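The structure under discussion appears below in the form of C-alpha cells.
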Amino acid sequence: MMQHALSQQPIRIENGQYQSIQCVDGTVWLTCANDDHDYFLTAGESFNLSRCEGVVLSGIEKNTVANLQDLAVIPEYAIV
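As C-alpha cells, then:
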C-alpha cells in the first residue's frame with residue numbers, strides 16, 4: 001500500500017493501476033469513467049477501484065492523505 005498526499009488538483013489513475021483507495025485524513029473526491037456518480041471518502045472509508053475503467057481523484061482539503069493499494073499486493077490475511 002502506498003500513501004499519497006493528494007492536492008486539490010485532480011489526477012487520473014488508469015484502469016488496473018490500483019485495486020483500492022482508502023482515505024486516511026481529509027476528504028477524497030473521486031469519479032469513475034464508467035459511472036455517473038461522484039464519490040466522497042472521509043477518514044477510514046475505502047473504495048474498490050477494480051470496478052472502474054479509469055478514475056479521476058483529488059483531495060478536497062489541503063492536507064488530504066490516501067492509501068492506494070497496488071493490484072500486485074496480496075493482503076496478509078488472504079488465502080491463496
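Reading the sequence shown from the start, the letters are residues 1 to 80 in the UniProt record's numbering. All C-beta atoms, glycine included, are put in the ideal place defined by N, C-alpha and C. Bear in mind that the values here come from a model prediction, so they are computed numbers and not experimental data.
Could you give the C-beta distance for residue i and residue j, rounded to a whole number, given that I count them as a contact under 8 Å?
i: L6; j: T64; result: 4 Å
Would residue i be called buried (16 or more neighbouring beta carbons within 10 Å of its own) or exposed?
i: I79; result: With a pLDDT of 47 at I79, under the threshold of 50, the predicted position of this residue should be treated as unreliable, and no value is reported.
i: F47; result: buried
i: L68; result: buried
i: E76; result: Bear in mind that a pLDDT of 49 at E76, under 50, signals an unreliable position, so the model cannot answer this.
Taking the Cβ atom as the reference point for each residue, do residue i and residue j lie within a distance shorter than 8 Å?
i: S50; j: I11; result: no
i: E53; j: A33; result: yes
i: Q3; j: V28; result: no
i: K62; j: Q8; result: yes
i: T31; j: Y39; result: yes
Sorted by chain position, which residues of the same chain lie with C-beta nearer than 6 Å to residue i's C-beta, five sequence neighbours on each side aside?
i: E45; result: C23
Given residue i, which residues of its chain have a CB within under 8 Å of its CB, disregarding the five upstream and five downstream residues?
i: I60; result: Q8, G26, T27, V28, W29 and F40
i: H37; result: T31
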